[in-house]
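Participant: Taken in order, these protein sequences are the chains called A and B. Under my numbering, think of the first position of the first sequence as 121, with each following residue one higher. Under my numbering, think of the first position of the second sequence as 1045, with each following residue one higher. I have a structure here, written as structure tokens, and I will follow up with some questions on it.
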Amino acid sequence: MPLPEHRWTMVVDLDRCTGCSACVVACHAENNVPIVSIDQVRQRRAIHWIRIERYWATKGRQTRAILLPIMCQQCMRAPCEPVCPVYASYHLNHHNINGQAYQRCVGTRDCQSNDPYKVRFFNFFDPPFDEPLTQQLNPDVTVRTAGVMEKCTFCLQRLNRAEQKAMVQGRTLRDGEVVPACVQTCPPGALLFGDRNDPNSQINKVIEGNEGRSFILLEELGTQPLVVYLKGGESHGGQ
Amino acid sequence: MAIPDAEALPEDPELARQMEELRRQHLMLDARPLPELADKIMTPMTTHGRLFWFLLFLFGAGSLMLLAVWIYQMYWGLGIVGIGRPTMWEPYLVNYIYFIGIGNAGTFISAVLRALRFEWRAPISRAAEVMTVFAMATAGLFPLIHVGRTWKLYWLFPYPNERQIWPNYRSPLTWDVVAIVTYLTCSILFAWLGLLPDLATARDRYNTGWRHRLYAMAALGWRGTQHQWATHKLTLDVFTFAIIPVMFLMHTIVSWDFSMNLQAGWHSTVFGPYFVIGALFSGVAMVIIVMLAMRRFMGLEYFIRAEHLDAMGKFLLIMSFAWVYFIFNDYLAPWYGQEPVDKSLTHLLQNLWAAPLWYGMLFCNIVMPAALLVFKRLRTWPPTLLVAAVSVQIGMWIERFIIVPVMMGQNELPYSWGKYTLRLPETLITIGAFCLVGLLFLLFTRFFPIIPLWEVHEGQAMVGLKRVGRVILRTHPQPE
């Protein structure tokens, strides 16, 4: 039985995001993302597969923070894919996700330099997981070594596991059956996840119902990302 | 032999003086017998002065330092280098472009000028070719140093494997591998081909010992027969024309590493010719430095004369003008577009921390050559020429530095902006790379004739002076 083609999509409702960073923590726990030292963070080497970018918008005497959660945008025409000389960065066709084969990566870092969202991360040193932190590592996810790139995969291990389970039971995936760790965790429900190819999915309804305030990050670059941002009205400072 | 024709005319002291002056100026008119030329060229191969040992020690130590730092970096990871997000590429790639650029000029001088029959090129063509090979080899080292897992880099080569994974031919980095391997192979063959007759001369000069065995092996049984010369000429002609597109392609492909990217400041269609011109610019300057060093320290004043300094100085000046045109284009088009990110980059280069680099680059690449090379008197004086050439080296290194880590620091989302800071490991490796090229070149001059004896001899045999009445004519055979 050929696996059905998915178009996994995430909706980020910027009007709901409080910037609590629970998604960041959840992602670290789920995906064995290494936590680097303060010194390394100062050198702009922090690794967060999802991060909350904070911008200050000043209007008159008012200054407001604009929070922008950014994870890999899973572009349909990803700039990071063609530049990898060894196919470590490749397209997972039936999930429509940008895959990253850590074992294949040689560390040219061309994918990062070609990535306009800067959501790919390089392991500058071997990841520091001290005992007993190694006990909490997720066995479904590879621990990356020094010299390879890594990035958000929409929790591919969860998608695969759910799909295999559904396949064993002889059915297709149900809407909402599988969500990435960040979506599962988000307290205000700013993140939504679903399959655009499923006509009855909640995500389709949300996107259709919010056409007036949806936008795609750096759409003019033509990367066709699968992450949709929602933000609207005067109270949000526009897009 | 270019003996002036005395004819039956009465001796004219003025004409004789003019001919003497011409002979003093031009190597090709100042013909000497072959053994004398061979002596002049091959004596420096076996004389090791104090300077030689000093340079050998210096360059050797520098090359070992490169190796040591590289091993240290492989052991600990790339974190020892000053990169972060988003400035993921460091001066290793600056050096990569820089040394490939130097490699390009060697081919240009020996192949393009050979094709165009510039006869003054003969004495410096070997040095330029050899520098091409060594600079390319060093440049080829930098992708290895640059990547995170050097020991996996063989994956970039299309070798048969049980997983049936091939390199990604859409990636500019794969094109790089193909281009480097092709160009390095071509330039080694090209240099060797030009070396063959001289190797045979050296073989016959050193009758015994390891030198004889080395030259006998490398000369591939060259005997100097008519048939061999004819084949040699044909092969060299074919190679000359075949290597020219390879040379242009090489640096264009290097530029595609950048222009294929979405990064602001890189995503530009002018990058191909811009990089080629930049490569020739820095490469010609490097040939000038090497030429001056050879002339000064190897006693080759007979071969490298003011006419060569003059010609190379002019060449450098023309390259400077061409480079100005391209850099103007490269900044004009983004300025016209007025994209916010392009504007921020221009602002960074003109007003913020990168301004000293940017203005320094313009000063070194435009003001210095224009000031020092326009007048013939200045151009033919070695110290001025050397200052101009070194200034161009610095300027072109800064230019690549601006393109790689500086421009990388700014993109569409300002949250990720960052500034690259130079650290010790990459500085040491950069210094080590220069030492490595120097070491290889130094060793080459001790083993092989650095001036193409046969080309100089051939040129001197072909070109001559003829006095017809009161006019001195330069005789030159028609190109067939």
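We put the CB at the ideal spot given by N, CA and C, even for glycine. Nothing here was measured: the structure is a model prediction, and the numbers come from that model.
1) Based on the DSSP output, what are the partners of A177 of chain A in its beta bridges?
2) Since G219 of chain A is in the beta strand (DSSP E), which residue starts that stretch and which ends it?
3) Short of 7 Å Cβ to Cβ, which residues in the region 1443–1473 of chain B face chain A?
4) Which residue from B:T1226, B:K1084, B:F1302, B:T1182 puts its Cα closest to that of R1444 of chain B?
5) Could you check which residue in B:A1060, B:E1058, B:D1056, B:H1070 has the C-alpha nearest to that of I1558 of chain B?
6) Give the C-beta separation of T305 of chain A and A142 of chain A to the nearest angstrom, bearing in mind that I take them to be a contact with Cβ-Cβ under 8 Å.
7) Are there 16 or more other CB atoms within 10 angstroms of the CB of M287 of chain A, so buried, or fewer, so exposed?
8) From the DSSP output, in three-state form, read off T1519 of chain B for me.
9) List the DSSP bridge partners of V1334 of chain B.
10) Since L1457 of chain B and K238 of chain A are thought to touch, with beta carbons under 8 Å apart, how far apart are those beta carbons, to the nearest angstrom?
11) Should W1133 of chain B be labelled buried (16 or more other beta-carbon atoms within 10 Å of its own) or exposed?
12) What number of angstroms, rounded off, separates the C-alpha of Y1259 of chain B from the C-alpha of A1246 of chain B?
13) From the DSSP output, in three-state form, read off A191 of chain A for me.
14) Is any beta-carbon of chain B found at less than 8 Å from that of A198 of chain A?
15) What residue range does the alpha helix (DSSP H) around S1190 of chain B cover?
16) Closest by CA to T1226 of chain B, which one among B:M1294, B:I1168, B:E1173?
17) Looking at the secondary structure, which residues open and close the alpha helix (DSSP H) in which M1236 of chain B lies?
18) Take M1304 of chain B as the anchor and find which of A:Q344, A:D230, A:V161 has the nearest alpha-carbon.
19) Apart from the five residues just before and just after Q1307 of chain B, which ones in its own chain have a Cβ nearer than 8 Å to its Cβ?
20) Is there contact here, the region 218–233 of chain A with the region 1281–1293 of chain B, by at least three beta-carbon pairs under 8 Å?
21) D315 of chain A: which of A:L346, A:N330, A:A266 sits nearest, CA to CA?
22) Taking the C-alpha atoms as reference points, what is the distance between L1486 of chain B and L1100 of chain B?
23) Mind listing the chain A neighbours of S1312 of chain B? Cutoff is C-beta to C-beta under 8 Å, in chain order.
24) CA-CA distance, D159 of chain A and R165 of chain A?
25) What residues from the region 1276–1291 of chain B come within 9 Å of chain A, judged by C-beta to C-beta, listed N to C?
26) Verify the contact flag: I1189 of chain B, CB atom, against every heavy atom of the ligand ZN, threshold strictly below 7 Å.
27) Quick one, which of B:P1449, B:R1514, B:R1257 has its alpha-carbon nearest R1129 of chain B's?
28) Have a look at S1364 of chain B and V1515 of chain B and give me their C-alpha separation to the nearest angstrom.
29) Is it true that the region 1309–1325 of chain B meets the region 1172–1188 of chain B, where meeting means three or more beta-carbon pairs spaced less than 8 Å apart?
30) Interface residues of chain A around W1133 of chain B at Cβ under 7 Å?
31) Can you pull out the residues from the region 1210–1221 of chain B whose beta carbon lies closer than 7 Å to at least one beta carbon of chain A?
32) In chain A, what lies closer than 9 Å to V1191 of chain B by C-beta?
Facilitator: Short version:
1) Position 57 of the first sequence, counted from the first residue, corresponds to residue 177 of chain A. BP columns for A177 of chain A point to A:R184.
2) To locate residue 219 of chain A, count along the first sequence from 1; it is residue 99. That run of the beta strand (DSSP E) goes 217–220.
3) Result list: M1452, N1455, E1456, L1457, Y1459, S1460, G1462.
4) Sequence index remark: in the second sequence, residue 1444 of chain B carries index 400 (1-based). In terms of Cα proximity to R1444 of chain B, the closest of B:T1226, B:K1084, B:F1302, B:T1182 is B:F1302.
5) It is not possible to answer for residue 1558 of chain B, since the shown part of chain B is limited to 1045 through 1524.
6) By one-based count along the first sequence, residue 305 of chain A stands at place 185. By one-based count along the first sequence, residue 142 of chain A stands at place 22. Sure, about 5 Å apart at Cβ, within 8 Å.
7) Position 167 of the first sequence, counted from the start, is the residue given in the question as residue 287 of chain A. With fewer than 16 other Cβ atoms from the protein chains shown falling within 10 Å of its own Cβ, M287 of chain A counts as exposed.
8) Position 475 of the second sequence holds residue 1519 of chain B. Strand.
9) Sequence index remark: in the second sequence, residue 1334 of chain B carries index 290 (1-based). The partner list for V1334 of chain B (beta bridge, DSSP) is empty, contrary to what the question assumes.
10) In the second sequence, the residue the question calls residue 1457 of chain B occupies position 413. In the first sequence, the residue the question calls residue 238 of chain A occupies position 118. L1457 of chain B to K238 of chain A, Cβ: 7 Å. Contact.
11) On the second sequence, residue 1133 of chain B is found 89 positions in, with the first residue counted as 1. It is buried - the Cβ of W1133 of chain B has at least 16 other Cβ atoms within 10 Å.
12) Here residue 1259 of chain B refers to the residue found at position 215 when the second sequence is read from its first residue. Here residue 1246 of chain B refers to the residue found at position 202 when the second sequence is read from its first residue. Rounded to the nearest whole angstrom, the C-alpha separation of Y1259 of chain B and A1246 of chain B is 7 Å.
13) The residue labelled residue 191 of chain A in the question sits at position 71 within the first sequence. Inspection of the sequence shows that residue 191 of chain A is occupied by Met rather than by Ala. Three-state DSSP puts M191 of chain A in coil, outside helix and strand.
14) Here residue 198 of chain A corresponds to residue number 78 of the first sequence, with the count starting at 1. Against chain B, the CB of A198 of chain A has no partner CB under 8 Å away; the residue lies outside that interface.
15) For the purposes of this step, residue 1190 of chain B is taken as residue 146 along the second sequence, with counting starting at 1. According to the sequence displayed, residue 1190 of chain B carries His and not Ser. Annotation: the continuous alpha helix (DSSP H) that includes H1190 of chain B extends over 1166–1190.
16) Walking along the second sequence from the start, residue 1226 of chain B turns up at place 182. Per the Cα distances, B:M1294.
17) Taking the first residue of the second sequence as 1, we reach residue 1236 of chain B at position 192. Looking at the sequence shown, residue 1236 of chain B is not Met but Trp. That run of the alpha helix (DSSP H) goes 1216–1249.
18) One-based indexing of the second sequence puts residue 1304 of chain B at position 260. Comparing Cα positions, the closest option is A:D230.
19) Within the second sequence, numbered from 1, the residue matching residue 1307 of chain B stands at position 263. Sequence-distant Cβ neighbours of Q1307 of chain B in its own chain, meaning closer than 8 Å and more than five residues away, are M1451, M1452, N1455.
20) The region 218–233 of chain A, when compared against the region 1281–1293 of chain B, does not touch it at the 8 Å Cβ threshold.
21) Counting from 1 along the first sequence, the entry for residue 315 of chain A is found at position 195. Per the C-alpha coordinates, the member of A:L346, A:N330, A:A266 positioned closest to D315 of chain A is A:L346.
22) Here residue 1486 of chain B refers to the residue found at position 442 of the second sequence. Here residue 1100 of chain B refers to the residue found at position 56 of the second sequence. Whole-angstrom Cα-Cα distance: 7 Å.
23) Residue 1312 of chain B sits at position 268 when you count from the first residue of the second sequence. Within chain A, no residue comes near S1312 of chain B; the closest Cβ sits about 14 Å away, beyond 8 Å.
24) Within the first sequence, numbered from 1, the residue matching residue 159 of chain A stands at position 39. Within the first sequence, numbered from 1, the residue matching residue 165 of chain A stands at position 45. Put simply, the backbone Cα of D159 of chain A is about 9 Å away from that of R165 of chain A.
25) Nothing from the region 1276–1291 of chain B brings a Cβ to less than 9 Å from some Cβ of chain A.
26) This structure does not include the ligand ZN; it has no bound ligands of any sort.
27) Residue mapping note: residue 1129 of chain B aligns to position 85 of the second sequence, counting from 1. In terms of Cα proximity to R1129 of chain B, the closest of B:P1449, B:R1514, B:R1257 is B:P1449.
28) What you label residue 1364 of chain B is simply residue 320 of the second sequence in a count that begins at 1. What you label residue 1515 of chain B is simply residue 471 of the second sequence in a count that begins at 1. The straight-line gap separating the alpha-carbon atoms of S1364 of chain B and V1515 of chain B is approximately 37 Å.
29) Cβ pair count under 8 Å is below three, so no.
30) Locating residue 1133 of chain B in the second sequence gives position 89, where the first residue counts as 1. Listed by position along chain A, the residues whose Cβ is nearer than 7 Å to that of W1133 of chain B are R229, S233.
31) Result list: P1211, N1212, R1214, S1215, P1216, L1217, T1218.
32) As a working mapping, residue 1191 of chain B is identified with position 147 in the second sequence. Against chain A, the beta carbon of V1191 of chain B has neighbours under 9 Å at V226, G227, T228, R229, G267, listed in chain order.
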